[in-house]
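A.B. asks: Sending over a structure as structure tokens; questions will come in a sec.
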Amino acid sequence: MNNPTIRELQKQLGQLNLLVEEARQQEKQAILAKIGEHVKEYGITEIELLRAAGFIQAKQKKAPAKYYDPDSGRSWSGKGPRPKWLVDKNLDDYLIREAPKPWWPERT
């Protein structure tokens, strides 16, 4: 029984790694070609593609203001630490209240 030596096995492993890398590159090129076709076909923009791939995060919408200071024009969503302009003040005094809705139906 003729067992291969470590050197022979390492040489075979190196050759197999080269074959794996070549196959990976060929598959990658085929996938990129398909992606390119779809990009053209559907009019996908660069930004849309980067977002879909996870390279760009969609901007989070800013939370709407819940408190407003009419004197300074500052507002706060109520999330995060309380801003300095609201320290030691009653939040209810600065709460933005929704406009009252009329009890009668509006004419259109």
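In numbering that gives the first Met the number 0, the protein residues as written are 0 to 107.
All C-beta atoms in this analysis are idealised placements derived from N, C-alpha and C, irrespective of residue type, glycine included.
Fair warning: this is a prediction, and the values are worked out from it, not measured in the lab.
(1) Identify, in the order they occur along the chain, each residue of the same chain with its Cβ nearer than 6 Å to the Cβ of Val86, setting aside the five sequence neighbours on each side.
(2) When burial is assigned at 16 or more other CB atoms within 10 Å of the CB, is Tyr66 buried or exposed?
(3) Tell me the DSSP secondary structure of Trp84 in three-state form.
(4) Just the C-alpha distance for Trp75 and Pro82, rounded to the nearest angstrom, thanks.
(5) Excluding the five sequence neighbours on either side, which residues of its own chain have a C-beta within less than 6 Å of the C-beta of Glu36, listed in chain order?
C.D. replies: Looking at the coordinates:
(1) As a working note, residue 86 is residue 87 in the sequence shown. The answer is none, since no qualifying residue turns up.
(2) Translated into positions along the sequence shown, residue 66 becomes position 67. Its Cβ being crowded by 16 or more others within 10 Å, Tyr66 is buried.
(3) As a working note, residue 84 is residue 85 in the sequence shown. Helix at Trp84.
(4) By 1-based counting over the sequence shown, the position of residue 75 is 76. By 1-based counting over the sequence shown, the position of residue 82 is 83. If you take the alpha carbons of Trp75 and Pro82, they lie about 8 Å apart.
(5) As a working mapping, residue 36 is identified with position 37 in the sequence shown. There are no such residues.
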